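In what follows, a single structure is set out as structure tokens and then discussed.
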């Protein structure tokens, strides 16, 4: 009985989520959806925005890709002027990646557009429902974080 209910829930989520994602995507008019950057590049820009700088190996671990794949992602970001490589003065083998002013501006612009979109969409939903939605998303984030930490 519980299994049937969970199966029905999964089927509904499977049906609804693509429509929601497509709706969010249509509303965004930023660099990501204009083809200037890819989703993995956005994830890296966002990580660097939060952390300030990061080593290649740490970013590869965060993205769950090889360091070779991460090098390709970062190389395009460097080429486009969004990040720079910073060599450790103590050990030049250690390379950290840091946002440039252009990268910072792009992340800020995307975050502002996303915030505006969320306010527009969730403005038509009750405060109670917004709080419930946020509570559930935080629970999902916590489950995913636990899974990620045990997979290390």
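Numbering (my numbering), first residue to last: 27 to 178. Ideal Cβ positions, reconstructed from N, Cα and C, are used throughout, including at glycine. Note that the coordinates shown come from a computational prediction; the quantities given were computed from them, not determined experimentally.
- Backbone CA spacing between residue 119 and residue 52 [nearest angstrom]: 43 Å
- Task: To the nearest angstrom, report how far apart residue 101 and residue 141 are at their CA atoms.
- Result: 29 Å
- Message: Is the beta carbon of residue 108 closer than 8 Å to that of residue 132?
- Response: Yes, the pair counts as a contact, with Cβ atoms nearer than the cut-off.
- With burial defined as no fewer than 16 other Cβ atoms inside 10 Å of the residue's Cβ, what is the status of residue 80: buried or exposed? buried
- Under the assumption that residue 85 contacts residue 121 (Cβ atoms under 8 Å), give the Cβ distance between them as a whole number of angstroms. Actually they are not in contact, since the Cβ atoms of residue 85 and residue 121 sit about 11 Å apart, beyond 8 Å.
- State the Cα-Cα distance for the pair residue 96 and residue 71, rounded to the nearest angstrom. 13 Å
- Message: Spatial neighbours of residue 50 within its chain, please: C-beta separation below 6 Å, excluding the five flanking residues on both sides.
- Response: Nothing listed; no residue qualifies.
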